[in-house]
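Q:
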Amino acid sequence: MSDELWAIYSNPVLREAYKRQFFSTLGHVPHGGQELIHYREWRYHVGVWGRRAGKSQGAAFEVIEESSWPARRIWIAAPTYPLTDKVFRIVYQKIVDEKCLGENAVVKSSYDPKGQRFIMLQGGGFIEGKTCDSPKGLLGEGLDLLILDEAAQVALAIWDTYLEPTLADRKGRALFITTPRGYNWIYDLWMEGDT
0 MSDELWAIYS
10 NPVLREAYKR
20 QFFSTLGHVP
30 HGGQELIHYR
40 EWRYHVGVWG
50 RRAGKSQGAA
60 FEVIEESSWP
70 ARRIWIAAPT
80 YPLTDKVFRI
90 VYQKIVDEKC
100 LGENAVVKSS
110 YDPKGQRFIM
120 LQGGGFIEGK
130 TCDSPKGLLG
140 EGLDLLILDE
150 AAQVALAIWD
160 TYLEPTLADR
170 KGRALFITTP
180 RGYNWIYDLW
190 MEGDT
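Following numbering that gives the first Met the number 0 from start to finish, the sequence shown increments by one per residue and tops out at 194.
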C-alpha cells in the first residue's frame, strides 16, 4: 500500500470519512448496530444480535470496504459452508455481479453453493469462504480481516488454534457475528468489549 493510501487507511478520522462516502456510493445506510462495526476502532468486535437484525449485511459491507484497499486478505468463516453463504452472497453480488470495485477488479471467482467460494482481486487481494468443520483447511494464510459468522457455534479451540493465529503477522481484525447461544467464549469476549 502506498504511503498516501496508508495515511488514509490508518487515520481513524480519514478512514471513517472514506467509509461513509464508500457506503453511500453503494447505497448502504447502516443502522446503529452496523455503525458500531463500521465506524469504531477495534481489533476484535463481537456483534451479538437477534435473527434478521442486519449482522450479515453489516459484515458483508465491512468486507467490501476492506477489499477496496490494495492486497487485502479476507476470510468469511462459519461452522459450515452453508452458514458462510449469508455474508459471502452479498459480497459476491456487489463485487462480482455489480462490479462495485471496478470493471476489472476481479481476477477470478467461484461461488459454488456446496463448496468453494472465493474472489481473487487485482493487486493480490482475496476474499474466501471457509468452513470450521474442517480445521486443517484453516491453516496457512495471514489475514487482514476475518469474519466469523455464527461464532457462538464455533469451538474455542478452533479460534485459539486455527483462526486467531491467521491475524498475527498482518495485525488483522476479527468480527464475530452471531445470534445469542448461552454463556460460552463468545459471551466472555463480548463482555470484555471491543479490543
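Here a beta-carbon is modelled for each residue, glycine too, at the ideal position from N, C-alpha and C.
The model shown is predicted, which means the values in this text are computed figures rather than measured ones.
What is the rounded straight-line gap between the Cα of L144 and the Cα of Y43?
A: Approximately 10 Å, taken between the alpha carbons.
Q: Who does M119 pair with in a DSSP beta bridge?
A: M119 is bridged to K107 and F125.
Q: Out of W189, Y38, G31 and F175, which has the shortest C-alpha to C-alpha gap to N10?
A: Among W189, Y38, G31 and F175, the Cα nearest to that of N10 belongs to Y38.
Q: By how many angstroms is the C-alpha of N183 removed from the C-alpha of R71?
A: Looking at the two C-alpha atoms, the distance is approximately 31 Å.
Q: Are there three or more Cβ pairs, one per stretch, closer than 8 Å when the region 76-93 is compared with the region 125-138?
A: The answer is yes - the region 125-138 touches the region 76-93, with three or more Cβ pairs under 8 Å.
Q: Runs of 3 residues minimum, wholly inside the region 17-103: which ones carry the beta strand (DSSP E) assignment?
A: Correct list: 43-47 and 72-77.
Q: Classify G243 as buried or exposed, calling it buried when 16 or more other Cβ atoms lie within 10 Å of its own Cβ.
A: With the chain covering only 0 through 194, there is no way to say anything about residue 243.
Q: In angstroms with no decimal places, state the Cα-to-Cα distance between P29 and A58.
A: The straight-line gap from Cα to Cα measures roughly 11 Å.
Q: Throw me the rounded Cβ distance for the F21 and E64 pair, which I believe falls under 8 Å.
A: Right, their Cβ atoms sit about 5 Å apart.
Q: Can you tell me the Cα-Cα spacing of E3 and R180, whole angstroms?
A: One C-alpha to the other measures close to 43 Å.
Q: Can you give the Cα-Cα distance for Y80 and G32, rounded to whole angstroms?
A: Taking the straight line from one Cα to the other gives about 25 Å.
Q: Please classify A77 as buried or exposed, where buried requires at least 16 neighbouring CB atoms within 10 angstroms.
A: It is buried - the Cβ of A77 has at least 16 other Cβ atoms within 10 Å.
Q: State the Cα-Cα distance for the pair V62 and L25, rounded to the nearest angstrom.
A: Approximately 13 Å, taken between the alpha carbons.
Q: Between which two residues does the beta strand (DSSP E) carrying A173 extend?
A: Where A173 is concerned, the enclosing beta strand (DSSP E) stretches over R172 to T177.
Q: Buried or exposed: which applies to V12, given that a residue is buried once 16 or more other Cβ atoms fall within 10 Å of its Cβ?
A: Exposed: under 16 other Cβ atoms inside 10 Å.
Q: Alpha carbon to alpha carbon, how far is I7 from T165? Give it in angstroms, no decimals.
A: About 24 Å.
Q: Is the CB-CB distance between V95 and T177 below 8 Å?
A: Contact: no.
Q: Please report the residue range of the alpha helix (DSSP H) in which L144 lies.
A: No alpha helix (DSSP H) contains L144, which is instead part of the beta strand (DSSP E) from L144 to D148.
Q: What separation, rounded to the nearest whole angstrom, lies between the Cα atoms of R169 and Q56?
A: Going from the Cα of R169 to the Cα of Q56 covers about 25 Å.
Q: Using DSSP with H/G/I as helix, E/B as strand and the rest coil, what is T194?
A: Low local confidence applies: a pLDDT of 47 at T194 is under 50, so the model's placement there is unreliable, and no value is given.
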